[in-house]
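In what follows, a structure is listed as C-alpha cells, so that the remarks can point back to it.
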Amino acid sequence: MPDPSSVSFDVTGMTCASCAVRIERVLGRQPGVEEAVVSFPAQEARVKAAADLDVAALEHAVARIGYTIHAIAPGDERVAPSVRHAGEAAAQRRNLIGAALLTLPVMLLGMFGPRPMGTMDGMPVAGPEWSEWVQLMLTIPVMFVFGAQFHRNAWRRLRAGGAGMDTLISVGTLAAFGYSLWAMFSGTHVFFETAGVIITLILAGRFLEARAKGRASEAVTRLLELGAKQARVVRGGELVMVDPITLAPGDRIVVLAGEKIPVDGRIVAGTSSVDEAMLTGESAPVEHRPGDTVYGATVNQEGRLEIEVTGVGPNTMLSQIVRMVEDAQATKAPIQDLADRVSGVFVPVVIGIAVAVLAGWLIAGAETGEAVRNAVAVLIIACPCALGLATPTGIMVGSGRGAELGVLFKDAEVFERSRDIDTVVFDKTGTLTRGAMTLADLEVIGDEHEFLRRVGSVEAASSHPIGKAVALGAEERSVELTTDVETETLPGRGVIGRIAETTVVVGNAKLFADRGLVVPAALSEAVDRYEARGHTAFLAGWDGEARGALAVADTVRPSSAEAVARLGRAGIATALVTGDNRRTAEAIAAQVGISDVMAEVMPGEKAAEIVRLQGAGRTVAFVGDGINDAPALAGADLGIAIGTGTDIAIESGDIVLMSGDPALAATGIELARATFRTIRQNLFWAFAYNAAAIPLAGAGLLDPMIAAGAMALSSVSVVGNSLRLRRFGPVS
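Quick note on numbering: the numbering used here labels position 650 of the sequence shown as 657, and the sequence is numbered without any gaps.
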C-alpha cells in the first residue's frame, strides 16, 4: 500500500466558511483522498492522499462546484497569505470608495428628498419623483459594478447547486433593489439607500477583514523575507555575487561582518558571533568556530566566515520552519468541528428563515415594504464568516507568534491539548542542563597518567556525552589515547572496553557490584563527595578492582529555574527524570526548584514513567532532546522537543523549541493556552452574535442597514480578537 502523501492547493473563489466546508466535503469524497482540510483565511487546501492521487480530477471536481484550486508542486514558492490579502484589501478599498461616493447622495435623497404622493383607487397619483430616478441611477453602479462580486459569486454557487455568504448578500440587496423598482411605479416609498448602504458597509467589512487577515498571516511572510538576497561564492578562485538559490551543497561561500548568512552550512574558516534570534528567539549572539553549523538568514556579527554549503532552498532550516508553521495553520483543532457543521447548513437555513419572516409579516397584515425589509435584515445580519474565521485566525496568529518566539507547533490540536496539561516532566541532560559535560574531578589509586590513558581511550570510543567529557579531559592533561579499543556499551550502567589484554570497566557502582569488582573505601567516599556536589560520579578499573573515581559536571541552564517557576505559577506540577543516580539528580532538581525526582531510570524506562503518571490521573507534557527521549515524547499527552537535539526527538514532539532554553517550554504552553482561549472567545461571540441577531432582525427590530454594519463588524471583531495574540509575551 503506498505511503500517504500531502498535496497542497491554492484555492480561489472562497468568500466564507461555508465555501471552505463545501470544498472540503467534495475533496474528501474523491478516490484516493484520506483527508482534506481547507483553510478559509489562508485560501489553501491540504489533501492527504495515496501517492497515485489524480490531481487533475480533484481540480475538476472542485471546479464543478464553482471554485478553483491549483496544486502547488513541492519546492514551488506559494504566494504568502499576507501578500494575497494585501491585494484583496487593495481591490476592496477601490470598490468601497466608489460605492461610498455614490451611496452618500442616495442616502441624503432617501432621507430628505421629495416623497411620492401616494395612490388613489389603487392607481398612483403621480409618476416617480426626480429624486427616485437619481437614486436609481446612482444605485445601479453600486449594485452591479462595485458590488458585482456578490452577485457573480452567488450565481456561480447557484449554477453549482450551492449557496454561500455572497448568496445571502445578493438575495438581500436584489430584494431591496427590486422592491424599490416596483415601489417607484406604485407610488410607495422606495429604499434604494438600503441596497446601496448594505453593499457599501459589507465592502467596508471585506476591506477591513482582508487587511486584518493579512496582519494575521504576516508571521510567515516575515519569515520568508528574512533570507539573504545575494551570496558571495568562490567560483574559479574568485568571489562572485549570486542568487542564493543557485548555490549547491559543497559550494564555498564567504560572509563578512554584518551580512546575513544566505544558506545553511558548516564553517570551514573563521570565528564569529552569530545573531540567531530569527531561529531561536534568543537575543544573545552565539559564538561559532570552524566545524560549527550555521543557518541561513542568521546574521554574522563580526569577522569573516568561510562556509561550506550544506542546505539550500527548501532544505534550509528557515524553509523547514516556514513549512512547519504553514502545516500547523493548515490543520484544524477539534473545537472547529461544531462550527464547520453549522457553517455547512447555515446559508440554506437562513434563507428559509428569511422566507418564513417575509410570509409571517405579510400574513400578520404588515405592508409589503416592511415585510421585505425585515426579511432582508435577516439575510444580511447572518454571518457564517465569523464562525469560519474564529478558529483558523486564532491558529494562524498563535502559530505565527510562536515562530517569532522560537516555538513551533506541529498542528492545531496542540492548542486544545495544552489546556489540560497539569504536569511537565523534564529530562535532565541537555534540557535542564547544558549537556556539555567536562571532567571536573578524579581520584586515582596508582598512576594517574596510565589511568586516564586507559579510561580515556575506552570513553573516546563512546558517543555518550560523559565519555566525550572524560576523553577530552584526558587530552587536556596531555594524555595520548589509543584508538585500538573494542567496546561494549551497557545502557544506563556504563561501558566495557578491551585494550590489548586488559578489560577496562567504566560505570556506576551498580555495574561494579554486578560484576563483583572490589571498590576501595576511599573511592566510594570520593563518589559520595562528588554526588553531593551535584556531579555525575562513576568508577573505573580493571583486573577485578576499581582504580579510580571520576566526576563530570554539567552546568544547569540559567533559565531552568525560571521555567519551573513559571509553570508552577500556572498551576502545573514539574518533575525530573534522569538516568543519573538519585543524589546527583536531587542536587540538580534542588537548584531549579523541582521536588519530584525520578532517578536511575534506564533509557527505555522513561516512557514507562510517563505512562505511570498518566495512570495516576495526570495529563503529562514531556520535555526532552535525545534519541532515548523519543518514546517518552511520543507517549506523553504533549511532547515538547528541544530543537537543538536529535532529529528523531524533534519528529516525535508536538512542540519544537528552536533553542535549548527550557523557559521556551513554559512559553509554548502559555502561548498554546492563550491561543485556545482566544479561539473559544471567537466561537462564543460568533455563535452568540448569530443566535441573538437573527431573531432580532426577524422581529423587525433591526434596520437592514444597521444589520449590514453589524454583519461587517462581526468578522472584523473575530479577526481583531485573534490579532491580540501578536502582542503575547512570556508570563513573568
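In this text, a Cβ means the ideal position worked out from N, Cα and C, and glycines have one as well.
In this text the structure is predicted, and so the values were computed from the model without any measurement.
_Helix, strand or coil at Ile76 according to DSSP, with G and I counted as helix_ = As a working mapping, residue 76 is identified with position 69 in the sequence shown. It is a strand residue.
*Top-ranked residue by Cα proximity to Val379, from Leu181, Met21, Leu65, Ala27*: Numbered from 1 along the sequence shown, position 372 holds the residue referred to as residue 379. The candidate whose alpha carbon is nearest that of Val379 is Leu181.
*Select from Ile360, Arg239, Ala695 the residue whose C-alpha is nearest the C-alpha of Arg311.*
Against the sequence shown, residue 311 aligns to sequence position 304. Here the closest residue by C-alpha is Arg239.
_Nonlocal neighbours in the same chain, by C-beta distance under 7 angstroms from Asn728, ignoring five residues either side_ = By one-based count along the sequence shown, residue 728 stands at place 721. Here the set comprises Thr685, Gln688, Asn689.
*State the start and end residues of the unbroken beta strand (DSSP E) segment that holds Thr1.*
The question about residue 1 has no answer, for the chain in this structure spans 8 to 739.
*How is the beta strand (DSSP E) around Thr509 delimited, first residue to last?*
As a position in the sequence shown, residue 509 is number 502, starting the count at 1. Here the beta strand (DSSP E) through Thr509 covers 509–514.
_Of the listed residues Gly551, Asn588, Thr494, nearest to Ala539 (C-alpha basis)_ = Residue 539 sits at position 532 when you count from the first residue of the sequence shown. Here the closest residue by C-alpha is Asn588.
*According to the Cβ coordinates, are Leu116 and Val141 closer than 8 angstroms?*
Position 109 of the sequence shown, counted from the first residue, corresponds to residue 116. Position 134 of the sequence shown, counted from the first residue, corresponds to residue 141. Taking 8 angstroms as the Cβ cut-off, Leu116 and Val141 qualify as a contacting pair.
*Three-state class that DSSP yields for Asn307 in the structure shown*: Taking the sequence shown and counting its residues from 1, the one referred to as residue 307 is at position 300. Note: Asn307 maps to strand in three-state DSSP.
_Tell me the DSSP secondary structure of Thr253 in three-state form._
Numbered from its first residue, the sequence shown carries residue 253 at position 246. Residue state, collapsed to three classes: helix.
*Please check the pair Gly409 and Gly675, which I expect to be a contact at CB under 8 angstroms, by giving their CB distance rounded to whole angstroms.*
For the purposes of this step, residue 409 is identified with residue 402 of the sequence shown, where counting begins at 1. For the purposes of this step, residue 675 is identified with residue 668 of the sequence shown, where counting begins at 1. About 7 angstroms separates the two Cβ atoms, so the contact holds.
*What three-state label does DSSP hand Asp10 in the structure shown?*
Numbered from its first residue, the sequence shown carries residue 10 at position 3. Residue placement at Asp10 cannot be trusted, given a pLDDT of 43 that sits under 50; what the coordinates show is reported in the next sentence. Asp10 falls in the coil class under three-state DSSP.
*Helix, strand or coil: how does DSSP classify Arg505 here?*
For the purposes of this step, residue 505 is taken as the residue at position 498 of the sequence shown. Looking at Arg505 - three-state DSSP - the assignment turns out to be strand.
*asked:* So, at 7 angstroms on beta carbons, what are the nonlocal neighbours of Pro341 in its own chain, with the 5 sequence-adjacent residues on each side left out?
replied: Here residue 341 corresponds to residue number 334 of the sequence shown, with the count starting at 1. Hits under 7 angstroms: Glu420, Glu423.
*For Thr430, name the three-state secondary structure that DSSP assigns.*
What you label residue 430 is simply residue 423 of the sequence shown in a count that begins at 1. Here Thr430 sits in strand by DSSP.
*Would the segment 565–583 and the segment 598–611 be scored as touching if the rule is three or more Cβ pairs under 8 angstroms?*
yes
*DSSP puts Ile314 in a beta bridge; with which residues?*
Taking the first residue of the sequence shown as 1, we reach residue 314 at position 307. Looking at the DSSP assignment, Ile314 forms a beta bridge with Ile260, Ile274.
*Quick one: Cα of His295 to Cα of Glu309, how far?*
For the purposes of this step, residue 295 is taken as the residue at position 288 of the sequence shown. For the purposes of this step, residue 309 is taken as the residue at position 302 of the sequence shown. Cα to Cα, His295 sits roughly 11 angstroms from Glu309.
*Rounded to whole angstroms, what's the CA-CA distance from Ile209 to Val178? Just pull it up for me.*
Working through the sequence shown from its first residue, we reach residue 209 at position 202. Working through the sequence shown from its first residue, we reach residue 178 at position 171. Approximately 14 angstroms, taken between the alpha carbons.
*beta strand (DSSP E) containing Gly548: first to last residue?*
Within the sequence shown, residue 548 is the residue found at index 541, counting from 1. Gly548 -> beta strand (DSSP E) spans 543–549.
*Is the number of C-beta pairs between the segment 472–488 and the segment 658–672 that are closer than 8 angstroms three or more?*
no
*From Ile268 to Glu283, what does the alpha carbon distance come to, in whole angstroms?*
Residue 268 sits at position 261 when you count from the first residue of the sequence shown. Residue 283 sits at position 276 when you count from the first residue of the sequence shown. Cα-Cα distance, rounded: 10 angstroms.
_C-alpha distance - Val132 paired with Ser138, whole-angstrom precision_ = Working through the sequence shown from its first residue, we reach residue 132 at position 125. Working through the sequence shown from its first residue, we reach residue 138 at position 131. Confidence in Val132 is poor, its pLDDT being 48 and thus under 50, which makes the residue's placement unreliable; the coordinate value appears in the next sentence. So the two alpha carbons sit approximately 16 angstroms from each other.
*How about Ala202 and Thr146: do their beta carbons lie closer than 8 angstroms?*
Residue 202 sits at position 195 when you count from the first residue of the sequence shown. Residue 146 sits at position 139 when you count from the first residue of the sequence shown. Against a cut-off of 8 angstroms, the Cβ pair of Thr146 and Ala202 comes out as a contact.
*Are Ala170 and Arg164 close, meaning C-beta to C-beta below 8 angstroms?*
As a working note, residue 170 is residue 163 in the sequence shown. As a working note, residue 164 is residue 157 in the sequence shown. The answer is yes: Cβ separation under 8 angstroms.
_Nearest-angstrom Cβ-Cβ length linking Leu143 and Phe199, presumed shorter than 8 angstroms_ = As a position in the sequence shown, residue 143 is number 136, starting the count at 1. As a position in the sequence shown, residue 199 is number 192, starting the count at 1. That pair is a contact at about 6 angstroms.
*According to the neighbour-count rule (16 or more other Cβ atoms, all chains shown, within 10 Å of its Cβ), is Leu708 buried or exposed?*
For the purposes of this step, residue 708 is taken as the residue at position 701 of the sequence shown. Flag for Leu708 reads exposed.
*Whole angstroms is fine: what's the gap from Val261's alpha carbon to Val319's?*
One-based indexing of the sequence shown puts residue 261 at position 254. One-based indexing of the sequence shown puts residue 319 at position 312. C-alpha separation (whole angstroms): 15 angstroms.
*asked:* Taking its Cβ as the centre, do 16 or more other Cβ atoms sit within 10 Å of Gly73, making it buried, or is it exposed?
replied: Taking the sequence shown and counting its residues from 1, the one referred to as residue 73 is at position 66. With 16 or more Cβ atoms within 10 Å of its Cβ, Gly73 is classed as buried.
*Determine the contact status of Leu640 and Gly413, defining contact as a CB-CB distance below 8 angstroms.*
Residue 640 sits at position 633 when you count from the first residue of the sequence shown. Residue 413 sits at position 406 when you count from the first residue of the sequence shown. Their beta carbons are not under 8 angstroms apart, which means Leu640 does not touch Gly413 by this criterion.
*What whole-angstrom Cβ distance do Arg500 and Leu524 have, given they're in contact under 8 angstroms?*
In the sequence shown, the residue the question calls residue 500 occupies position 493. In the sequence shown, the residue the question calls residue 524 occupies position 517. So it is not a contact: roughly 13 angstroms between Cβ atoms.
*Given a threshold of 16 other Cβ atoms within 10 Å of its Cβ, counted over all protein chains shown, does Ile205 qualify as buried or as exposed?*
Within the sequence shown, numbered from 1, the residue matching residue 205 stands at position 198. The residue is buried, with at least 16 neighbouring Cβ atoms inside 10 Å.
_Checking the sheet assignment: what are the DSSP bridge partners for Val45?_
Along the sequence shown, one-based indexing puts residue 45 at 38. In the DSSP output, where bridge partners are listed per residue, Val45 has Ala52.
*Could you check if Trp189 is buried or exposed, using at least 16 other CB atoms within 10 Å of its CB as the buried criterion?*
Translated into the one-based positions of the sequence shown, residue 189 becomes position 182. Label assigned to Trp189: exposed.
_Range covered by the beta strand (DSSP E) that runs through Met605_ = Position 598 of the sequence shown, counting from 1, holds the residue named residue 605. First-last of the beta strand (DSSP E) with Met605: 603–605.
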